[in-house]
Structure formats: C-alpha cells, structure tokens
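Asks: One structure follows; several queries about it will come next.
Number of protein chains: 2
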Amino acid sequence: MSDDRLSRVFAALADPTRRDIVARLADGGDATVGELAEPYAVSVQAVSKHLKVLEDAGLVSRRKDAQRRPVHLEADVFDLMTKWIERYRREAEDRFRRLDAVLESLDDERGDPLDAPVGDQAARPAGASRTEEAAS
Amino acid sequence: MSDDRLSRVFAALADPTRRDIVARLADGGDATVGELAEPYAVSVQAVSKHLKVLEDAGLVSRRKDAQRRPVHLEADVFDLMTKWIERYRREAEDRFRRLDAVLESLDDERGDPLDAPVGDQAARPAGASRTEEAAS
DNA sequence: GTGGTATTCAACCCCAAGGTTGAAAATGTG
DNA sequence: CACATTTTCAACCTTGGGGTTGAATACCAC
Chain A
0 MSDDRLSRVF
10 AALADPTRRD
20 IVARLADGGD
30 ATVGELAEPY
40 AVSVQAVSKH
50 LKVLEDAGLV
60 SRRKDAQRRP
70 VHLEADVFDL
80 MTKWIERYRR
90 EAEDRFRRLD
100 AVLESLDDER
110 GDPLDAPVGD
120 QAARPAGASR
130 TEEAAS
Chain B
0 MSDDRLSRVF
10 AALADPTRRD
20 IVARLADGGD
30 ATVGELAEPY
40 AVSVQAVSKH
50 LKVLEDAGLV
60 SRRKDAQRRP
70 VHLEADVFDL
80 MTKWIERYRR
90 EAEDRFRRLD
100 AVLESLDDER
110 GDPLDAPVGD
120 QAARPAGASR
130 TEEAAS
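So the sequences go chain by chain: A and B. Reading the first sequence from the start, the letters are residues 0 to 135 in numbering that gives the first Met the number 0. Reading the second sequence from the start, the letters are residues 0 to 135 in numbering that gives the first Met the number 0.
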C-alpha cells in the first residue's frame, strides 16, 4: 500500500523530522548527512534512513563528494503537491459556489433548482454517480 | 511521533483510498459512509476508520442525520498545506537565485562573494549555523 | 599500509496502521 | 414492539515504519 508517487511524497512529509530536514535544506542549502543529523537526538543511521525516504519520494537527491553525500532539495515535487491540492480545493470551492446559487434560487422563486445535482443534503441517497480512479 | 496538525494531515493524505475519498467529496459533495464505501473492495468498517483519520486531521467533518453520518469536506485545511509548501518552495527558490548571484559575481570580478554564505559546495563543512524548530 | 571519517547495510525491537470479523448502538419503519 | 438499516466499537492479525546497535564500505590523510 502506498507505492505511487503522491503517496510517497505525503508519507515522507508526514514525519516532523523529515519536514524539518526539508525546511533546513530549503533555507540552508545543500548539507551532508552528518550536518543534517547533528541537531537531532537520534543516530546518524536513523537520519540516513529518513533521507532515503525523502529520496524515494523524489524530494531530495544525493550528490557524491568523496565519502560525503551532500543532500540537495528537489523543489519540483512541490509542484506535484500543489497541483493535487489546488485541483481539489478548486473543485470544492466551485461546488460550494454552485450550492450557494441553488440555495439562492430556492429562496427566490421556490422551484426546480437549475440543473446541478449538488449536495443532496439528507435527501434520497442518490446511489449511483460515483466516479472512480484515484488521483492521477 | 507525528501528533501535530500538519503531520496528521500529510499522513492522512498518504493513503490512496483516503485521497480518493477526498477527491470524491470534492466533486461529488457530501456523502454517507455507505455511499463512500461502496466502490471499494474493503469493508464498511475499514472506510469508517479511514474517515476517522480524515476527521482527526481536520480534513472532513461528520453531520448527524438520523442513523446516517454524512461526511463533509473541510476545504480550509488545504490552506494549511499550501502555506507550508509555498513557504519552503519560496525559500528554496530565493536561495537558488542568491546562489546564481554569487556565481555570477565570482565569474565577474573574481573576489569575495557578497555576504550570503550560500551552498558551500564541497568546501569546509561549515559546522555551525543550523537553525531549529520544526515547521510551526 | 594504517588509521580516521562519513555513510550505508543488516539484523533486530516495538508499536501504530490498515485490514478482518462480530457485536453493540442509534434510529426509521412495518 | 420487532425488525431492518447505518454506523461505530472492540478484539484480533499482519505488515511496515522508525528507532537501535554493530559491522561493512568508501574515501582522504599520514
């Protein structure tokens, strides 16, 4: 469970330590594993694991510099998230606006509400209209 | 670990089924637990648990309508995520621009690079400048 | 080559996450 | 009241995530 890209990204950011690492890379620039591990109470190995998670999610990449592995933040992934979020935020707001319109029209002329089958609050269960396919 | 708000939100969205539920609420409007569970292969109880996770994260709320519990998408949380993402995306880009400037100035006059201690690519380990406090 | 430093690999705990089934709770309906 | 419907609660199982420690790897410095 959770092997698609978005799942990995969200899962990676669900951990405060990993979010903090991202934050530090964002305003501190690239850093080595040791540097990144220093502030935390946990072992270097643990941080190394965290970095692997971030890497698998595509949030960071590791360069190779002698025995050091400087970690670099890949800002592109943010776009992926933003896109997902914005898409559904938008839809939710649109639907909301449509609902407002319906309520208004109901209030006004007290008759059949346009064409949008919005909401169905506590009315008949509708039952068949669900669209599928998890987020692209 | 992971009891703060953002952690719960990201963790909630790390599951494809839960993301799908959010997506369906976003463009289908409120729906009951049964309706939401119908498309999936899993039990209704499992979906009920998913909804609890979403609710604890503040992504949805449940109204009370007889024995049904219509689920409603709380679009506000999206702002929280967007804010977090945008903040660090911005910083990363700023840092990037600053780096460009430094490289440019190095290229130009071949001397001490302004004041911003950007990047330190493979130079001395710097060692002490890390700022703390995980994302608010 | 010997040694020190930086990072990962491997084996191992512990516990929370997602799933199951079965029963209980809450509420409309004959 | 008896019953069907919708949802949650409770107990349980299995898997994976985050942590640990100890060894292996890779590289620079002497």
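No residue lacks a Cβ here, since even glycine has one placed at the ideal position from N, Cα and C. Every value quoted in this text rests on a predicted model; they were computed, and no experiment measured them.
(1) On the criterion of 16 or more Cβ atoms from any shown chain inside 10 Å, does D64 (chain A) qualify as buried, or is it exposed?
(2) Is the shortest distance between the beta-carbon of L5 (chain A) and the beta-carbons of chain B less than 8 Å?
(3) When the Cα atoms are used, what is the spatial distance from V46 (chain A) to G28 (chain B)?
(4) I'd like the list of long-range same chain contacts for A74 (chain B), defined as Cβ closer than 6 Å, with 5 residues on each side in sequence excluded.
(5) Taking 8 Å as the CB-CB cut-off, is D14 (chain B) touching chain A?
(6) Report yes or no: is there a C-beta of chain B within less than 8 Å of the C-beta of A55 (chain A)?
(7) Which residue marks the beginning of the beta strand (DSSP E) containing L72 (chain B), and which one marks its end?
(8) Where DSSP assigns a beta bridge to K8 (chain A), which residues make up the other side?
(9) In terms of residues, what are the limits of the beta strand (DSSP E) holding V59 (chain A)?
(10) Under 8 Å between the Cβ atoms of V70 (chain B) and V59 (chain B)?
(11) For a test of the three-state rule: what should DSSP assign to R18 (chain A), helix, strand or coil?
(12) By a C-beta neighbour count over all protein chains shown, 10 Å radius and 16 as the cutoff for buried, is R109 (chain A) buried or exposed?
(13) Identify every residue that forms a DSSP beta bridge with D64 (chain A).
(14) I'd like to confirm the pairing. Which residues does DSSP put opposite A30 (chain B) in its beta bridges?
(15) Between A45 (chain B) and chain A, is there a C-beta pair that is closer than 8 Å?
(16) Would you verify that the beta carbon of L79 (chain A) is, or is not, closer than 8 Å to some beta carbon of chain B?
(17) From this set, B:G57, B:D55 and B:R17, which residue's C-alpha is nearest P38 (chain B)'s C-alpha?
(18) Given P15 (chain A), which residues of its chain have a CB within under 6 Å of its CB, disregarding the five upstream and five downstream residues?
(19) Would L79 (chain A) pass as a contact of V21 (chain A) if the rule is Cβ separation under 8 Å?
(20) Is the CB-CB distance between R94 (chain A) and D26 (chain B) below 8 Å?
(21) E37 (chain B) by DSSP, collapsed to three states: which one?
(22) Do G33 (chain B) and V43 (chain B) have their beta-carbon atoms positioned less than 8 Å apart in this structure?
(23) Applying the criterion that 16 or more other CB atoms from any shown protein chain within 10 Å of the CB defines a buried residue, is R23 (chain B) buried or exposed?
(24) Within 10 Å of its beta-carbon, does R96 (chain A) have 16 or more other beta-carbons around it, so buried, or fewer, so exposed?
(25) Within a Cβ cutoff of 8 Å, which residues of the same chain sit near V8 (chain B), ignoring the five residues on either side of it in sequence?
(26) Which chain B residues sit within Cβ distance under 7 Å of A74 (chain A)?
(27) Which residue's Cα is closest to the Cα of R68 (chain A): A:L5, A:S6 and A:A30?
(28) Rounded to whole angstroms, what is the Cα-Cα separation between D111 (chain A) and A91 (chain B)?
(29) With DSSP collapsed to three states, give me the class of D55 (chain B).
Replies: Considering the structure as presented:
(1) Per the 10 Å Cβ criterion, exposed.
(2) For L5 (chain A), the answer is yes, since a Cβ of chain B falls inside 8 Å of its Cβ.
(3) Spanning the two alpha carbons is a distance of roughly 41 Å.
(4) The same chain holds no residue with a CB closer than 6 Å to that of A74 (chain B) once the five nearest residues on each side in sequence are set aside.
(5) Contact with chain A is found for D14 (chain B), since one of that chain's Cβ atoms lies less than 8 Å from the residue's Cβ.
(6) It should be noted that the sequence gives Asp, not Ala, for residue 55 (chain A). Not closer than 8 Å to any Cβ of chain B, the Cβ of D55 (chain A) fails to qualify, so no.
(7) Boundaries of the beta strand (DSSP E) around L72 (chain B): V70 to L72.
(8) In the sequence as presented, Lys is not what sits at residue 8 (chain A); that position holds Val. Paired residue(s): none; V8 (chain A) is not in a bridge.
(9) Secondary structure note for V59 (chain A): its beta strand (DSSP E) is the uninterrupted segment V59 to R61.
(10) Yes, Cβ-Cβ distance for V70 (chain B) and V59 (chain B) is below 8 Å.
(11) Looking at R18 (chain A) - three-state DSSP - the assignment turns out to be helix.
(12) Because R109 (chain A) carries a pLDDT of 45, less than 50, the predicted location of this residue cannot be relied on, and the following value inherits that uncertainty. Here R109 (chain A) is exposed: its Cβ has fewer than 16 other Cβ atoms, across all protein chains shown, within 10 Å.
(13) As computed with DSSP, D64 (chain A) is found in a beta bridge with A:R67.
(14) Beta-bridge pairing links A30 (chain B) to B:V70.
(15) No - not a single Cβ of chain A is within 8 Å of the one on A45 (chain B).
(16) Answer no: the Cβ-Cβ gap between L79 (chain A) and chain B never drops below 8 Å.
(17) When only C-alpha atoms are compared, the closest one is B:R17.
(18) Excluding positions up to five away in sequence, the list is empty.
(19) No, the Cβ-Cβ distance between L79 (chain A) and V21 (chain A) is not below 8 Å.
(20) Note that the C-beta distance between R94 (chain A) and D26 (chain B) is below 8 Å.
(21) Of the three classes helix, strand and coil, the one that applies to E37 (chain B) here is coil, per DSSP.
(22) V43 (chain B) places its beta carbon less than 8 Å from that of G33 (chain B).
(23) By the neighbour-count rule (16 or more Cβ atoms within 10 Å), R23 (chain B) is buried.
(24) Exposed, since its Cβ has fewer than 16 Cβ neighbours within 10 Å.
(25) The answer, listed in chain order, is A56, G57, L58, V76, L79 and M80.
(26) R88, A91 and E92, listed in chain order.
(27) Nearest Cα to R68 (chain A) within the set A:L5, A:S6 and A:A30: A:A30.
(28) Model confidence at D111 (chain A) stands at a pLDDT of 43, short of 50, so the residue's coordinates are unreliable; what they give is reported in the following sentence. Looking at the backbone, the Cα of D111 (chain A) and that of A91 (chain B) are separated by about 52 Å.
(29) Correct three-state label for D55 (chain B): helix.
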